[in-house]
Amino acid sequence: MILLGHSHGGFVAQYVALRHPERLPGLVLYESAPVTGPEHMAEAAAGVGDFVRRNEGNPELPAVLAGLQAAGAARDDEGITAALRDLLPAYVAHYWEREDEFKELRTTLTCTYISSADADGTPDTIDDRAALPALTVPALVLVGHYDIPCGPRWAGELHALIPGSRLVELADSGHLGHIEEPAAFAAAVRDFTTSLPA
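The following block contains the structure:
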């Protein structure tokens with residue numbers, strides 16, 4: 001199968017591709033990164049700063065920022081769902097310009113909490129940068145220009161690290177390009193998958 005991993009799923013997909021390349025004819029790393037931990041969080045914080053500057057003066061901005069804070073403190077499905085509903089505008093490139101399209105998603109989405117810590121509470125960080133140059137699976141790296149958690153910097157690093165990879169940036173997307181620019185997203189995935197050996 002061709003494995004597509006989105007966001008945290010990208011780390012899972014990288015894990016599988018690095019350990020079982022014979023099982024995958026292709027790999028799509030969508031809004032992913034090669035590393036988690038402090039460096040990743042610092043880059044996300046810079047992305048939040050850009051989001052705040054682009055939306056300065058919006059009366060809903062404080063609630064979105066409160067959602068970002070709450071997401072970091074969430075420890076169960078209910079907590080992370082409430083936080084992500086609040087912060088959804090930060091995950092969409094132009095949320096308030098397209099609010100009618102996304103408001104139902106915002107009120108109905110549900111999420112599953114995934115801990116970033118080991119069983120003993122130690123942060124479980126990922127750093128695949130040393131391993132990715134040995135990846136043999138054909139790969140597409142797909143990213144939204146306005147993505148905050150796994151933005152263009154990380155897509156560029158993945159592309160540089162993975163031999164022969166393709167890089168596609170969705171110009172008007174944040175973290176959810178498959179619903180923000182569905183035609184461009186589908187075209188990028190289709191073009192990649194149809195180029196793979198039969």
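Mapping the sequence shown onto UniProt numbering, position 148 (from 1) lands on 148, and the numbers just tick up by one.
Every residue gets a Cβ at the ideal spot worked out from N, C-alpha and C, and that includes glycine.
No experiment lies behind these values; they were computed from the predicted model shown.
Point to revise | Nearest candidate by alpha-carbon position, reference A45, set D124, A90, D86, R19 | key: A90
Point to revise | Residue closest to I148, alpha-carbon to alpha-carbon, out of L87, E97, A188, A187 | key: L87
Check your understanding: If you pair each beta-carbon of the stretch 33-45 with each one of the stretch 145-162, do three or more pairs fall below 8 angstroms?
Key -> yes
Point to revise | Inter-residue spacing [alpha-carbon to alpha-carbon] between D127 and L3 | key: 20 angstroms
Exercise for review: With R106 as the anchor, note down where its alpha helix (DSSP H) starts and where it stops.
Suggested key: 99-108
Exercise for review: Thinking L27 and P123 are a contact (beta carbons under 8 angstroms), I'd like their distance in whole angstroms, please.
Suggested key: Contact doesn't hold; Cβ gap of about 26 angstroms is too wide.
Review point. What is the DSSP secondary structure of L4, counted as helix, strand or coil?
Key: strand
Practice item. Starting from V52, trace the alpha helix (DSSP H) both ways and give me its first and last residue. Key: 38-54
Point to revise | Bridge partners - Y30, DSSP secondary structure assignment | key: H6, L142
**Study point:** Pick from L176, D172, V141 that is closest to F192, judged by C-alpha positions
**Key:** V141
Exercise for review: Return the Cβ separation of G174 and V52 in integer angstroms, given the expectation that the two are a contact with Cβ distance under 8 angstroms.
Suggested key: 14 angstroms between Cβ atoms; not a contact.
Point to revise | Anticipated Cβ contact below 8 angstroms, C111 with D76, distance rounded | key: About 10 angstroms separates the two Cβ atoms, so there is no contact after all.
**Study point:** C-beta atoms of L61 and R85 nearer than 9 angstroms
**Key:** no
Check your understanding: If you scan the stretch 143-182 from start to end, which runs of the alpha helix (DSSP H) of 4 or more residues do you find wholly inside it?
Key -> 152-161, 177-180
Review point. Going by C-alpha distance, which of N58, R129, G5 is nearest P163?
Key: R129
Practice item. Could you pull out every residue in the same chain whose Cβ sits closer than 8 angstroms to the Cβ of L196, ignoring the five residues on either side in sequence? Key: I2, P25, G26, P138
Review point. Which whole-angstrom value is the C-beta distance of E39 and G10, which I expect to be below 8 angstroms?
Key: Not really, about 16 angstroms apart at Cβ, beyond 8 angstroms.
Practice item. Can you tell me the Cβ-Cβ gap for P34 and L158, rounded? I've got them flagged as a contact below 8 angstroms. Key: 6 angstroms
Point to revise | Between the CA atoms of L29 and Q14 - distance to the nearest angstrom | key: 8 angstroms
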